[in-house]
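In the numbering used here, the protein residues as written are 62 to 225.
Beta carbons: idealized from backbone N, C-alpha and C, even for Gly.
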């Protein structure tokens, strides 16, 4: 059986690694006529820190800052996607993929990526990794490694190529 890839979850932390991995998500989407859903997770601060900031700024001001940050992240993602489309426009008549949705969540990245993959019908998760080496991965793990271990769908983990 050859699996069909129709829906791709692209998880990004907005790093250079994640941007590089986006090219792989686009390539898959183009090849399989699939759609891409973008997910970015804003890592929660500790409850104690959250309470201290809310006390310092006031609960309403703190909530407004959090909403503003989420809006800024979505705008950054849209800008990066548009820039990628502009770069690929030279090779293709139109941008060769469909971004169905951009989701920004607050929480723990691994938990949110897994929760999203369970909540919707994804065929593959594409994400970048910083690749700190075998020992570092064994000692502390990485977001990508933990997603691979827990995911019920295939995960494509993309590493930046070594520079010459």
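Cut-off 6 Å between Cβ atoms - residues of its own chain near residue i, not counting five sequence neighbours on either side
i: residue 183; result: 68, 70, 214
i: residue 174; result: 72, 208
i: residue 167; result: 103, 105
Buried versus exposed, by CB contacts within 10 Å (16 or more), residue i
i: residue 170; result: buried
i: residue 89; result: buried
i: residue 204; result: buried
i: residue 102; result: buried
i: residue 139; result: exposed
i: residue 97; result: buried
i: residue 219; result: buried
i: residue 190; result: buried
i: residue 142; result: buried
i: residue 180; result: exposed
Candidates the options: closest to residue i by CA position
i: residue 66; options: 217, 141, 208; result: 217
i: residue 210; options: 221, 109, 224, 186; result: 186
i: residue 85; options: 188, 224, 63, 131; result: 188
i: residue 222; options: 64, 78, 63, 62; result: 78
Run of the beta strand (DSSP E) containing residue i, from where it starts to where it stops
i: residue 101; result: 96-104
i: residue 71; result: 68-73
Residue i: first and last residue of the uninterrupted alpha helix (DSSP H) it sits in
i: residue 112; result: 108-118
i: residue 217; result: Note, residue 217: premise wrong, no alpha helix (DSSP H); beta strand (DSSP E) at 216-220.
i: residue 206; result: 204-211
i: residue 63; result: Segment: none, residue 63 is in no alpha helix (DSSP H) and carries neither H nor E.
Contact belief for residue i with residue j at Cβ below 8 Å, rounded distance in angstroms
i: residue 164; j: residue 75; result: Actually they are not in contact, since the Cβ atoms of residue 164 and residue 75 sit about 14 Å apart, beyond 8 Å.
Proximal residues to residue i (C-beta, below 7 Å), its chain only, five neighbours per side dropped
i: residue 212; result: 175, 178, 186
i: residue 113; result: none
i: residue 134; result: 101, 103, 165
Residues of its chain near residue i, where Cβ-Cβ distance is below 8 Å and the 5 sequence neighbours each way are ignored
i: residue 118; result: 126
i: residue 160; result: 96, 97, 98, 99, 142
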